[in-house]
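Protein chains: 2
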Amino acid sequence: MSCSVARAVDAIGDRWTVLILREAFWGVRRFESFQANLGIARNVLSDRLRRLAAHGILERVSLTPGGKRAEYHLTRKGADLFRVLVVLMQWGDRWTHDGEPPVRLIARTNGEPIAEMAVRDSDGRALGLMEMRPEPGPGANDATRRRLAAVPGGAGSRYQSDRST
Amino acid sequence: MSCSVARAVDAIGDRWTVLILREAFWGVRRFESFQANLGIARNVLSDRLRRLAAHGILERVSLTPGGKRAEYHLTRKGADLFRVLVVLMQWGDRWTHDGEPPVRLIARTNGEPIAEMAVRDSDGRALGLMEMRPEPGPGANDATRRRLAAVPGGAGSRYQSDRST
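Laid out in structure tokens, this is it:
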């Protein structure tokens, strides 16, 4: 089944990959810096950087003619992942740190910690899980249509009995 | 280094785990239903359900005295992951499907597709990557403080030169 969530996880769903992205968001561009900051094995780092480049999330930019020295820059696709990292961080802060977050993100606009990210409708109202339902989009294939037709009340129907058996 | 993002990925950063959660959000509770809907190997499904229960994301609820028949219910911690799945889906829609999303989430409040999730400041203004900086939070340990002290301009400093080498 075609699924954007699965594709996103294929691209970034690895602990080291996410930590490399965190470092990239904090300004790191060099192999040696990633390596020193994360204490990651060099072969693992090479592999993850190559994968991130293959997914178009980082771009390898040669600094010398032979390409021996290089930097890894976030692409627009990669930079757009900051929303994903922020919501992962907020979930981790809330549920794995007993309310004592190790890092706070401060907005430059007003100097305050950023707000909790919320799912909102097109009018800006925050939505709970029960207030959404999935429907086939323009890119839905037959398998997706079949699966969605079996979703009892749409997204959030977990409070109903399981009718898919 | 203590990191909420890494802990979140440890809990859910696996393709099957995320697909199991997607099914749970769509109302699936039984082992056989997860198995049929995902076409996942039974031993892999058992392993992932056990891990999700160990992380307190799903709760195993026995339906029969011996516990042979059971359902897997989302806990509050698990239900709160819907924000993470929505932002992953939106990123995947935008960057891996050429603008043809297979699934659309419709808000029950107004019948329209939900909005793109955004990082916002405490006044509700949407923030770009460059408009945030990280600082140590109440749960920061020494390693976190050292790492953050080395972030040149805070989050989004990727456009500056790499000073961490």
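As you go down the protein sequences, you meet chains A and B in turn. The numbering used here numbers the first residue of the first sequence as 1 and each following residue consecutively. The numbering used here numbers the first residue of the second sequence as 166 and each following residue consecutively. All residues carry an ideal CB built from backbone N, CA and C; glycine is no exception.
Chain A contact residues for residue i, given Cβ-Cβ distances below 8 Å
i: B/L332; result: With chain B covering only 166 through 330, there is no way to say anything about residue 332 of chain B.
i: B/S169; result: L88, M89, Q90, W91, G92, D93, T96, H97, P101, P102, V103
i: B/T309; result: P102, V103
i: B/R216; result: Neighbours of B/R216 on chain A: none; closest Cβ ~14 Å, over 8 Å.
i: B/L184; result: C3, V5, A6
Three-state secondary structure (DSSP) of residue i
i: B/E236; result: strand
i: A/A150; result: coil
i: A/A126; result: strand
i: B/W398; result: Shown here, chain B extends from 166 to 330; a query on residue 398 of chain B therefore has no answer.
i: A/Y159; result: Reliability fails at A/Y159, whose pLDDT of 41 lies under 50, so the model's placement of it is uncertain and the value that follows must be treated cautiously. Here A/Y159 sits in helix by DSSP.
i: A/N141; result: coil
i: A/W16; result: helix
i: B/G231; result: coil
i: B/D263; result: coil
i: A/D80; result: coil
i: A/L21; result: helix
i: A/M1; result: Unreliable positioning characterises A/M1 in this predicted model, as indicated by a pLDDT of 48, which lies under 50. A coordinate reading is not provided.
i: B/S329; result: Residue placement at B/S329 is flagged as unreliable, the pLDDT there being 37, under the threshold of 50; a coordinate-derived value is accordingly withheld.
Residues that residue i contacts on chain B, provided the C-beta gap is smaller than 7 Å
i: A/E59; result: Those within 7 Å of A/E59 in chain B number zero; the least Cβ separation is about 12 Å.
i: A/D14; result: G178
i: A/G139; result: H262, E265, P266, P267
Beta-bridge partners of residue i, as assigned by DSSP
i: A/E135; result: B/R269
i: B/R285; result: B/A291
i: A/P113; result: A/I106
Endpoints, beta strand (DSSP E) assigned at residue i
i: B/S227; result: 223–227
Chain B contact residues for residue i, given Cβ-Cβ distances below 8 Å
i: A/S122; result: A272, N275, E277, P278, I279, A280
i: A/R170; result: Chain A is shown from 1 up to 165; residue 170 of chain A falls before or after that span and cannot be answered.
N-terminal and C-terminal residue of the alpha helix (DSSP H) that residue i is part of
i: B/N202; result: 196–203
i: B/A176; result: 169–177
i: B/D212; result: 207–219
Neighbour list for residue i in chain A, Cβ cutoff strictly below 9 Å
i: B/P301; result: P102, V103, R104
i: B/V284; result: F82, R83, V86, V87, L105, A107, I114, A115, M117
Where residue i meets chain A, residues with beta-carbon distance less than 7 Å
i: B/L250; result: V5
i: B/V209; result: Those within 7 Å of B/V209 in chain A number zero; the least Cβ separation is about 15 Å.
i: B/P230; result: Chain A residues near B/P230: none, gap ~20 Å exceeds 7 Å.
CB contact check: residue i to chain D, cutoff 8 Å
i: B/A206; result: This model lacks chain D altogether; the protein chains it does include are A and B.
Closer than 9 Å at the beta carbon, the chain B residues around residue i
i: A/R69; result: Going along chain B, no residue has its Cβ under 9 Å from A/R69, so there is no contact; the nearest lies around 11 Å.
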